[in-house]
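Student:
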Amino acid sequence: MNLRRKEHIFNQKIEPEYTRVYHFIYSRLDGDRQLAEDITQDTMEMAWNKLEQLKKGDSCRAWLMKIAMNEIRKYFRAQMTQKRGAFQEESYDLHQFEEIDNPEQVEADVLDQILAQEGLEILMQALDRVHEKYRLLLELRLIQDLKFAQIAEIVREDEAKVRVYYGRGLKILGKEYQLLTGRDE
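The sequence shown begins at 1 in the UniProt record's numbering and counts up by one.
(1) Please check the pair Ile72 and Ile25, which I expect to be a contact at CB under 8 Å, by giving their CB distance rounded to whole angstroms.
(2) Gly169 by DSSP, collapsed to three states: which one?
(3) Excluding sequence positions up to five away, which residues of its chain have a Cβ less than 8 Å from the Cβ of Met65?
(4) Can the beta-carbon of residue 266 be found less than 8 Å from the beta-carbon of Tyr75?
(5) Using 10 angstroms around the beta-carbon of Ala160, count the other beta-carbons present and answer buried if the total reaches 16, otherwise exposed.
(6) Reducing DSSP to helix, strand and coil, say where Arg156 ends up.
See the structure below:
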C-alpha cells in the first residue's frame with residue numbers, strides 16, 4: 001500500500017473514529033484523562049502501522065476497538081496491576097439468570113424501560129454499577145454499536161459465551177436501574 005493511499009484510508013476511515021475510541025478507552029481507565037489520551041494515541045499509531053491488515057469490508061470500528069483493548073491490556077500488564085480477568089466467574093448466583101435465547105429482545109426490553117423513564121444519565125449510573133465483565137460487553141454493544149461477532153473477537157471469547165454474558169449483563173443492568181430509581185419490582 002503506497003503512502004498516499006494509506007493516508008487517504010486513515011483520514012477517511014480511522015481518524016473519524018478517534019473520539020469514539022477515546023471515550024471507550026477513557027471508560028476503561030476509571031476517568032484518567034491523560035492516560036486515556038496516551039493510550040488512544042498509541043491505538044491510533046498502532047492502527048497506522050497495521051493499516052495494511054485491515055481487510056476490505058471489515059468494520060473499522062471493531063478493528064480499532066480490538067486494537068484499543070490490546071493497548072489497554074498492554075498498559076495493565078506493564079503496570080503489573082492487571083485487574084482480575086474480565087471473564088472469570090465471580091460469586092454471582094448465576095442460577096437466577098436463565099439462559100437467554102434472544103438477547104436482542106432482552107436488550108430492547110431493558111433499554112425501552114430505562115429510556116422511557118429516566119434517560120441516559122441514570123442509564124450511565126446503572127451501567128457503572130454493573131460488574132466489569134458485563135459492563136464491557138454492554139458498552140461495546142449499546143454504546144459502540146458492535147455486533148456480537150465483533151465483540152467476541154475483541155474480548156477473545158466465542159460468540160455464544162458473549163451472548164450469554166451480554167444477556168446476563170442486561171438483566172443486571174435492569175436490576176441496577178430499578179434500584180437507582182426506587183422501582184425495585
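Don't be surprised by glycine CBs; every beta carbon is placed ideally from N, CA and C.
Tutor: The answer reads as follows:
(1) By 1-based counting over the sequence shown, the position of residue 72 is 72. By 1-based counting over the sequence shown, the position of residue 25 is 25. About 6 Å separates the two Cβ atoms, so the contact holds.
(2) Walking along the sequence shown from the start, residue 169 turns up at place 169. Per DSSP, reduced to three states, the secondary structure at Gly169 is helical.
(3) As a position in the sequence shown, residue 65 is number 65, starting the count at 1. Around Met65: Val21, Phe24, Leu140, Gln144, Leu146, Gln150, Ile154.
(4) Nothing about residue 266 can be read from this structure; the chain reaches only from 1 to 185.
(5) Residue mapping note: residue 160 aligns to position 160 of the sequence shown, counting from 1. Classification of Ala160: exposed, given that the 10 Å Cβ count is below 16.
(6) Position 156 of the sequence shown, counting from 1, holds the residue named residue 156. Arg156 falls in the coil class under three-state DSSP.
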